[in-house]
Amino acid sequence: SQQGEEDPQALSIQEGENATMNCSYKTSINNLQWYRQNSGRGLVHLILIRSNEREKHSGRLRVTLDTSKKSSSLLITASRAADTASYFCATDLYSSASKIIFGSGTRLSIRP
Amino acid sequence: EAQVTQNPRYLITVTGKKLTVTCSQNMNHEYMSWYRQDPGLGLRQIYYSMNVEVTDKGDVPEGYKVSRKEKRNFPLILESPSPNQTSLYFCASSLSTDSDEQFFGPGTRLTVL
């Protein structure tokens, strides 16, 4: 069963705009991670946020976590063509930190 | 260079013919995992291993086997592949199970006819 669900499934924006993707999950977690995947290639880790953190930044990335709503958002500011990719959230389970569950992803397209 | 390697990268086979996809990491990671990726379903965890000789089922373990005899290797075995196992497979590793970032291999595209 899917733990994480991303929203929207697809997003197309103009270069320079900000992109926001959301992730919702069902059960308690220890942490949540965001990954990027360029077409058909392996995933690349972007950022990890722990359950006791509310916000985290890394360069042009900003991640928030709301454990009461079981949701997270990924904001990419000042988007670039190279940001075109699929973005996935991944959660562990509070009861079993070894089990990692990915959402179905958001496909982000940056228009020049 | 720190990396996760998978072989083969592409494989076309027939139903019932046993196959093994190898995965190796050179980062001395304890945790290794196999995922399959299908359109619209994201990545689903098949098996994971917390250390040598310790493996456990993920969400979709049916039809797969794994072993972890050495820390660096985590092969995925399909004893009798079926067409519904046609997918893109990824191996990943991380330092520990405390959810450090996972490093992913380049993927293996498997087609079962």
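Protein sequences appear in the order of chains E and L. Quick note on numbering: our numbering labels position 57 of the first sequence as 57, and the sequence is numbered without any gaps. Quick note on numbering: our numbering labels position 83 of the second sequence as 83, and the sequence is numbered without any gaps. Backbone N, C-alpha and C define an ideal beta-carbon position, used for all residues, glycine too. This one's a predicted model, so the numbers in the text were calculated from it and none came from an experiment.
Cβ pair residue i, residue j closer than 8 Å
| i | j | result |
| --- | --- | --- |
| E/V98 | L/M50 | Note that residue 98 of chain E is Ser in the sequence shown here, rather than Val. Yes, Cβ-Cβ distance for E/S98 and L/M50 is below 8 Å. |
| E/N31 | E/L48 | yes |
| L/E53 | L/R68 | yes |
| L/Q102 | L/S93 | yes |
| E/K56 | E/S24 | no |
| L/V112 | L/P83 | yes |
| L/G58 | L/Y48 | yes |
| L/R9 | L/P81 | no |
| L/T77 | L/T5 | Per the sequence shown, residue 77 of chain L should be read as Ile rather than Thr. Result no, Cβ atoms of L/I77 and L/T5 do not sit closer than 8 Å. |
| E/S104 | L/G42 | yes |
| L/L11 | L/L95 | no |
| E/I13 | E/L93 | no |
| E/S68 | E/C89 | no |
| E/L74 | E/L11 | no |
| L/F104 | L/Q37 | no |
| L/Q3 | L/N28 | no |
Opening and closing residue of the beta strand (DSSP E) in which residue i lies
| i | result |
| --- | --- |
| L/G42 | 42-51 |
| L/F90 | 87-94 |
| E/N31 | 31-37 |
| L/N7 | 4-7 |
| L/R36 | 31-38 |
| E/D7 | 5-7 |
| L/L78 | 76-78 |
| E/Q22 | A small correction: the amino acid at residue 22 of chain E is Asn; Gln does not occupy that position in the sequence shown. Taken as a continuous stretch (DSSP letters only), the beta strand (DSSP E) holding E/N22 covers 19-24. |
| L/T13 | 10-13 |
| L/T111 | 108-112 |
| L/T20 | 19-25 |
| E/S28 | It is not in any beta strand (DSSP E) - E/S28 carries neither H nor E in the DSSP assignment. |
| L/Q102 | No beta strand (DSSP E) holds L/Q102; DSSP gives it neither H nor E. |
| L/S82 | Segment: none, L/S82 is in no beta strand (DSSP E) and carries neither H nor E. |
Anticipated Cβ contact below 8 Å, residue i with residue j, distance rounded
| i | j | result |
| --- | --- | --- |
| E/T91 | E/I101 | 6 Å |
| E/E15 | E/A81 | 6 Å |
| E/P8 | E/T106 | 6 Å |
| E/R36 | E/L43 | 7 Å |
| L/Y31 | L/I46 | About 14 Å separates the two Cβ atoms, so there is no contact after all. |
| L/R72 | L/V60 | Going by Cβ atoms, the distance from L/R72 to L/V60 rounds to 24 Å, so no, they are not a contact pair. |
| E/R54 | E/L65 | 6 Å |
Under 9 Å from the C-beta of residue i: neighbouring residues of chain B
| i | result |
| --- | --- |
| L/P106 | Here chain B cannot be found, since the structure's protein chains are E and L. |
Bridge-paired residues (DSSP) for residue i
| i | result |
| --- | --- |
| L/D56 | L/Y48 |
| L/S67 | For L/S67, which the question treats as bridged, DSSP gives no partner whatsoever. |
| L/N73 | L/S24 |
Cβ-heavy atom distance, residue i to the ligand MN, below 7 Å
| i | result |
| --- | --- |
| E/T20 | What this structure holds is no ligand at all, so the ligand MN is not there to describe. |
request  = Could you tell me which uninterrupted beta strand (DSSP E) segments, each at least 3 residues in length, are contained entirely in the stretch 39-112 of chain E, listed from first to last along the chain?
outcome  = 43-50, 55-58, 61-66, 71-76, 85-93, 96-102, 106-111
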